[in-house]
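Counting along the sequence shown from 1, when you hit position 72 you're at 71 in numbering that gives the first Met the number 0, and nothing is skipped either side.
Notes for the one structure printed next.
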Amino acid sequence: MRPLKNIQRRTFITKCFWGTVGFFLTLLQSGRPGFSALNFWRSSEYVGKTRDGVYEKFYIQYYKSFKRIQGASWQLKISGLCLNPQIISLDGLKALPLKKQVSRIKCVECWSAKARWAGFSMIHLEKMVQPLPEAVGVIFRCADTYVEYLSLEDCQHERTLLAHTMNDKALTDEHGFPLRVIIPYKYGYKSPKAILEIEYVDTPGRGTWNRIGPYSVDGTILPGYDHPLDRGKKRRRITGGEIFD
């Protein structure tokens with residue numbers, strides 16, 4: 000019986016050890032005060048997913064981590080089916096007619112967050128590059144290797160914005176610097192950020208999330224429930240489409 004007791008004791012100690020390790024790892028990942036300083040991305044030259052500290056009210060989601068973009072050297076490449084392909088600096092984009100709106104991003108994970116956005120309409124880019132008649136939509140390519148497709152109809156929608164400003168300040172690296180899409184009547188995965196290139200195409204495409212997860216290509220917000228981060232995640236029912244407060 001003695002060997003059996005020794006085995007049981009070792010098993011108990013082993014379980015306690017790994018249980019303790021798991022407990023502390025959970026704390027580290029929970030974003031609680033006191034542990035946020037341990038967030039790897041905070042002091043890194045790279046950007047990645049995080050939900051702690053100041054981001055508790057507006058989560059950060061990226062497909063892959065990527066090196067922080069330098070605004071002075073960044074340029075937006077506009078290519079594909081257009082008469083006048085362009086390479087435009089951030090200052091060039093900021094010179095376009097300014098458009099502002101308050102809107103909420105809704106995630107398929109059921110949370111949402113609201114901000115004041117400023118940027119420009121896709122229509123102003125189209126005046127510059129002149130899409131060809133056969134173009135039906137655009138592919139966005141981003142710094143985190145994320146890819147998304149939007150139809151020209153969605154790009155030209157009055158609530159669709161190419162944003163470079165959030166809450167009256169330049170976008171942070173975490174929230175999509177230097178340029179991101181805001182399309183508030185669709186789930187957040189249809190609003191690519193840290194954009195590097197826009198390509199006009201003649202065939203509807205699929206985005207990264209559509210290819211790797213059970214998400215619709217269309218991405219329009221469906222009726223159901225929302226847990227807004229800025230309202231303590233208190234559940235409320237939504238009817239579908241853009242969430243207006």
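All C-beta atoms in this analysis are idealised placements derived from N, C-alpha and C, irrespective of residue type, glycine included.
Note that the coordinates shown come from a computational prediction; the quantities given were computed from them, not determined experimentally.
Rounded to whole angstroms, Gly118 and Ile211 show a C-alpha spacing of 30 Å.
Excluding its 5 nearest sequence neighbours in each direction, Arg158 has C-beta neighbours in its own chain below 6 Å: Pro183, listed in chain order.
Within a 10 Å sphere around the beta-carbon of Cys109 sit fewer than 16 other beta-carbons, which makes this residue exposed. Below 8 Å, too few C-beta pairs join the stretch 72-80 and the stretch 149-158 to call them touching: fewer than three.
In this structure, Leu92 lies near Leu178, with their beta-carbon atoms less than 8 Å apart.
A Cβ-Cβ contact shorter than 8 Å links Ile59 with Glu173.
Under the DSSP assignment, Asp153 falls in the alpha helix (DSSP H) whose first and last residues are 151-154.
By the criterion of a C-beta distance shorter than 7 Å, Asp201 is surrounded in its chain by Leu80, Glu133, Ala134, Val135, once the five residues flanking it on both sides are discounted. Taking 8 Å as the cut-off, the beta carbon of Ile104 is found closer than this to the beta carbon of Ser190. The three-state reading of DSSP puts His123 in helix, counting H, G and I together. Val101 is the residue among Pro130, Lys232, Val101 whose C-alpha sits nearest the C-alpha of Asn166. The Cβ-Cβ distance between Val46 and Tyr61 falls below 8 Å. Restricting attention to Ile197, Ala112, Glu44, the CA atom closest to the CA of Arg50 is found in Ala112.
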